[in-house]
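Asker:
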Amino acid sequence: MLPPPELLFLEVPIGGHLFVEVLLFAVIVFLFSQKSYKPPKKPLTEKEIDDLCEEWVPEPLIPPITEDAGGSEEWVPEPLIPPITEDMQYEPPVLESAAGPHTIVNGKEVVNFASANYLGLIGHEKLLESCTSALEKYGVGSCDPRGFYGTVDVHLDCEARIAKFLGTPDSILYSYGLSTMFSAIPAFCKKGDIIVVDEGVHWGIQNGLHLSRSTIV
């Protein structure tokens, strides 16, 4: 076999492959040292801007009505919901008592399977007395959450009693149950946490879990 050709660089013999590598390295260094080419931007003159605005024709927001489709006077929009027929018309039930386990609807006593009165406190005599005294002292308005109505002494007193009953340093009241789930769960759980939860939990808990961005198991 013939020996590999050698070149002389500064009177030092080097192999052919080394010469190619040095040459490629020099080309790479040269390319990296070059600045990117940016074509000069010439600003438009006022006349050019006016000409472009006059030539611009906007596209219609809706397709034009053709003769095959009929005129605008003949066009009738489709109903958003199907029309109510006679067999679908009914009078809503009228509740005539507190929404407890047994209630009166349209003058008839029935068993209530759709009540949100989970603790059965609606209609409780002591609760009615407390509500009456609170209305006489604080009045009634169009809204009652603390964010709108403001914090009153009964809010703080109730939070203190709940904290004492639970043995916690403090507690907080929300206006209703859903806001509690939407706020408390994302406050204590975050992305990267793992939450083990039953798949049949309340819709509000499901949304609170979704807002927390945690991994649900």
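Each residue of the sequence shown is one higher than the last, beginning at 1 in full-length UniProt numbering.
Note that beta-carbon positions come from the ideal geometry of N, C-alpha and C, so glycine has one too.
Computed from a predicted structure; not experimentally measured.
1. Which of the three DSSP states, helix, strand or coil, is assigned to valine 152?
2. How about valine 111 and proline 101: do their beta carbons lie closer than 8 Å?
3. Using DSSP with H/G/I as helix, E/B as strand and the rest coil, what is histidine 124?
4. Quick check: the Cα distance between phenylalanine 25 and lysine 35, rounded to an integer number of angstroms?
5. For cysteine 189, is the classification buried or exposed, using 16 other Cβ atoms within 10 angstroms of its Cβ as the cut-off for buried?
6. Less than 6 Å between C-beta atoms, sequence neighbours within five positions excluded: which residues of the same chain meet that for alanine 98?
7. For a test of the three-state rule: what should DSSP assign to valine 31, helix, strand or coil?
8. Figure out for me which residue from Gly204, Thr151, Pro82 has the closest Cα to the Cα of phenylalanine 182.
9. With H, G and I counted as helix, E and B as strand and the rest as coil, what does DSSP make of threonine 103?
10. Look at the alpha carbon of valine 94 and the alpha carbon of valine 105, and state the distance between them as a whole number of angstroms.
11. Which residues bound the alpha helix (DSSP H) around glutamate 55?
12. Can you give the Cα-Cα distance for leucine 23 and lysine 38, rounded to whole angstroms?
13. Quick check: the Cα distance between valine 196 and valine 217, rounded to an integer number of angstroms?
Answerer: To lay it out plainly:
1. Three-state result, valine 152: coil.
2. Cβ distance < 8 Å, so valine 111 and proline 101 count as in contact.
3. Coil, per DSSP.
4. Cα to Cα, the separation comes out at about 18 Å.
5. Note on cysteine 189: 16 or more other CB atoms within 10 angstroms of its CB, so buried under the neighbour-count rule.
6. By the criterion of a C-beta distance shorter than 6 Å, alanine 98 is surrounded in its chain by Ile122, Gly123, once the five residues flanking it on both sides are discounted.
7. The sequence as given places leucine at residue 31; valine does not occur at that position. In the structure shown, leucine 31 sits in a helix (DSSP, three-state: H, G or I).
8. Comparing Cα positions, the closest option is Gly204.
9. If DSSP states are grouped into helix, strand and coil, threonine 103 belongs with the strands.
10. Straight across, the Cα-Cα distance linking valine 94 with valine 105 is about 6 Å.
11. According to the DSSP assignment, glutamate 55 belongs to the alpha helix (DSSP H) that extends over 46–55.
12. Approximately 28 Å between the Cα atoms of the pair.
13. Approximately 5 Å, taken between the alpha carbons.
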